[in-house]
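Numbering of the sequence shown is given in numbering that gives the first Met the number 0, commencing with residue 0 and proceeding in unit increments.
Okay, so here's the structure we're looking at.
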Amino acid sequence: MATLSSARRVVIKIGSALLVDRDSGALRRDWLVGLAQDVLWLKGLGCDVVLVSSGSIALGRGVLGLPPTVLALEQAQAAAAVGQIRLARAYEEVLAPHEITTAQVLVTLEDSANRRRYLNSRATLEQLLSFGVVPIVNENDTVATDEIRFGDNDRLAAQIAVTVGADQLILLSDVDGFYSANPTQNPSAKRYDVIDSITPEIEAMAGDAGSGLSKGGMKTKVMAARTATAAGCAMAITDGFVLRPLTALETGGNATWFTAQSDPQAARKRWIAAMKPRGGVTLDAGAVAALARGTSLLPAGVTAVKGRFERGDSITMYDLAGHAVGCGLSRYSAAEIEQIKGHKSAEIEAVLGYPGRAALIHRDDMAL
């Protein structure tokens with residue numbers, strides 16, 4: 000069974016019902032202070048932490064005096080706009096005393112469905128984590144419509160876990176794990192400690208019951224588990240209402256762990272290898288040798304470009320004899336590579352007229 004203390008990178012999902020008091024609409028500050036202490040503990044272990052947090056609409060609803068019923072889209076977006084400021088400020092206020100810097104990252108489903116936007120999101124989050132920042136991620140409810148929504152933060156958290164290559168995803172919930180039936184309706188329901196495979200039977204056990212503030216039920220959590228575990232990320236469902244919920248999980252609190260099917264890097268390599276290439280580049284002998292040593296592909300090693308493709312597309316890398324040596328996600332379009340091929344990375348801005356990325360294909364974005 001996984002333990003938080005062994006994690007390298009953790010994504011933690013926090014629902015509205017944990018952050019906002021259902022009756023008063025006020026922030027549960029004592030709970031948030033406890034969560035900040037847990038984040039400090041994880042950071043002290045050398046673990047990267049990403050928080051996927053609901054709460055903006057629930058906070059904004061209270062400020063605007065909106066009823067505790069289903070809101071019209073425009074009302075929900077207005078509430079999100081008001082509440083998002085308060086949510087970000089609340090996280091900053093509880094984490095800043097621990098000398099932890101926070102960042103607000105707002106995304107929509109399009110940011111993961113569109114490969115170019117996905118790469119931009121990944122690059123931003125990776126840079127923030129390299130600075131030691133704790134990103135606070137939420138769906139951009141002020142602009143998202145039904146067509147571009149995740150709809151619940153369980154699946155959003157799973158997608159963020161995949162994006163950043165997390166090895167653990169923790170869903171802080173109003174239940175302490177996955178049960179064979181709804182435990183509030185069936186006292187004999189069995190809680191599972193570990194689920195190694197998401198079978199049709201497991202899916203059938205998942206119900207739709209959720210709290211008054213949250214949108215996700217157990218079905219969305221199982222969907223999140225399928226996404227996360229396939230990408231090499233173990234996932235836990237545990238009780239989030241206790242103070243210091245992550246410490247409670249680490250010290251034996253009830254939870255259900257969904258087992259990762261591989262490790263995040265191997266899963267990502269398989270995902271890239273399965274993509275249909277949109278074009279290709281030919282490499283000189285020095286670049287091919289450098290790739291074998293585990294380096295990124297730089298423009299200086301490219302001698303020719305094949306096909307038409309855009310940034311974020313999968314392309315094949317060939318040696319001078321025309322043999323495929325691997326594939327990867329290009330950080331430049333075919334037209335841009337035509338201009339910068341053979342050039343050193345320091346020369347890219349002068350050639351293109353704008354700053355570029357040093358690597359044409361980063362080593363994390365290729366499969367050899």
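Ideal Cβ positions, reconstructed from N, Cα and C, are used throughout, including at glycine.
field: Distance CB(residue 106)-CB(residue 159) smaller than 9 Å
entry: Yes.
task: Provide the residue span of the beta strand (DSSP E) that contains residue 280, from first to last.
output: For residue 280, the enclosing beta strand (DSSP E) begins and ends at 278-282.
query: Just to confirm, are residue 173 and residue 262 a CB contact at a threshold of 9 Å?
result: No, the Cβ-Cβ distance between residue 173 and residue 262 is not below 9 Å.
- prompt: Does DSSP put residue 137 in a helix, a strand or coil?
  reply: Looking at residue 137 - three-state DSSP - the assignment turns out to be strand.
- prompt: When you compare only the Cα positions, how much space is there between residue 214 and residue 176?
  reply: Bear in mind that the predicted position of residue 214 carries a pLDDT of just 42, short of 50, making it unreliable; the figure below should be weighed with that in mind. Separation of residue 214 and residue 176 (C-alpha to C-alpha, rounded to the nearest whole angstrom) is 17 Å.
query: By a C-beta neighbour count over all protein chains shown, 10 Å radius and 16 as the cutoff for buried, is residue 44 buried or exposed?
result: Residue 44 is exposed by the Cβ-count criterion.
- prompt: How far does the alpha helix (DSSP H) with residue 82 in it reach, from first residue to last?
  reply: Segment 72-94, the alpha helix (DSSP H) holding residue 82.
query: What residues are listed by DSSP as bridge partners for residue 237?
result: According to DSSP, which records beta bridges pairwise, residue 237 is partnered with 171, 254.
query: To the nearest whole angstrom, what separates the beta carbons of residue 54 and residue 24, a pair I think is in contact under 8 Å?
result: Under the criterion of beta carbons closer than 8 Å, residue 54 and residue 24 do not qualify as touching, at roughly 11 Å.
query: How big is the Cα-Cα spacing for residue 235 and residue 51?
result: Annotation: residue 235 to residue 51 spans about 14 Å, alpha carbon to alpha carbon.
query: How would you label residue 126, buried or exposed, when you count the other beta carbons within 10 angstroms and need 16 or more for buried?
result: Residue 126 should be labelled exposed.
- prompt: From the DSSP output, which residues share a beta bridge with residue 47?
  reply: DSSP output for residue 47 lists 8 as bridge partner(s).
message: How far does the alpha helix (DSSP H) with residue 302 in it extend, from its first residue to its last?
response: Counting along the chain, residue 302 falls outside any alpha helix (DSSP H), though it belongs to the beta strand (DSSP E) covering 301-305.
field: Sufficient close CB pairs (3 or more, under 8 Å) joining the stretch 92-101 to the stretch 110-119
entry: Output reads no: the stretch 110-119 does not touch the stretch 92-101.
Where residue 117 falls: helix, strand or coil (DSSP): Helix.
message: Within the continuous beta strand (DSSP E) that includes residue 324, where are the two ends?
response: In the DSSP assignment, residue 324 falls within the unbroken beta strand (DSSP E) covering 323-328.
task: Indicate the three-state DSSP secondary structure (helix, strand or coil) for residue 315 in the structure shown.
output: In the displayed model, residue 315 falls within a strand according to three-state DSSP.
field: Residue interval of the beta strand (DSSP E) (run including residue 101)
entry: For residue 101, the enclosing beta strand (DSSP E) has its first and last residue at 101-106.
- prompt: If you run the structure through DSSP and keep just helix, strand and coil, what is residue 296?
  reply: Strand at residue 296.
Member of 298, 230, 354 whose CA lies at the smallest distance from the CA of residue 271: Relative to the Cα of residue 271, the nearest Cα in the group 298, 230, 354 belongs to 230.
message: Beta-carbon within less than 6 Å of residue 7's beta-carbon, same chain only, minus the 5 sequence neighbours each way: which residues are those?
response: If we look at residue 7 and ignore the five residues flanking it on each side, its Cβ neighbours are 166.
message: Distance check for residue 104 and residue 135, CA to CA, integer angstroms please.
response: Between residue 135 and residue 104, the C-alpha separation is close to 6 Å.
- prompt: How do the stretch 15-33 and the stretch 281-296 stand: do at least 3 beta-carbon pairs fall below 8 Å, yes or no?
  reply: Because the criterion of three Cβ pairs below 8 Å is not met, the stretch 15-33 and the stretch 281-296 do not touch.
message: Considering Cα atoms alone, identify which of 124, 296, 17, 13 is closest to residue 367.
response: It is 296.
- request: Grab me the residues of residue 117's own chain with a C-beta within less than 8 Å of its C-beta, minus the 5 sequence neighbours each way, in chain order.
  value: Answer for residue 117: 110, 111, 162, 311, listed in chain order.
field: DSSP-derived helix/strand/coil call for residue 23
entry: In this structure, DSSP gives residue 23 a state outside helix and strand, which the three-state scheme calls coil.
query: Does DSSP put residue 55 in a helix, in a strand, or in coil?
result: Secondary structure at residue 55: helix, using DSSP grouped into helix, strand and coil.
field: Buried/exposed call for residue 22, threshold 16 Cβ in 10 Å
entry: With fewer than 16 other Cβ atoms within 10 Å, it is exposed.
task: Would you grab the beta carbon distance between residue 258 and residue 157 for me? Rounded to a whole angstrom, and I think it's under 8 Å.
output: With a beta-carbon spacing of about 15 Å, residue 258 and residue 157 fall beyond the 8 Å limit used to define contacts.
- prompt: I think residue 252 touches residue 237, with their Cβ atoms under 8 Å apart; what is that distance to the nearest whole Å?
  reply: Correct: roughly 6 Å between the Cβ atoms.
Helix, strand or coil at residue 366 [DSSP, three-state]: Here residue 366 carries a strand assignment [DSSP, helix/strand/coil].
- request: Compute the Euclidean distance between the alpha carbons of residue 33 and residue 244, then round it to the nearest angstrom.
  value: For residue 33 and residue 244, the distance between alpha carbons rounds to 8 Å.
Option in 317, 298, 328 with minimal Cα separation from residue 344: The candidate whose alpha carbon is nearest that of residue 344 is 298.
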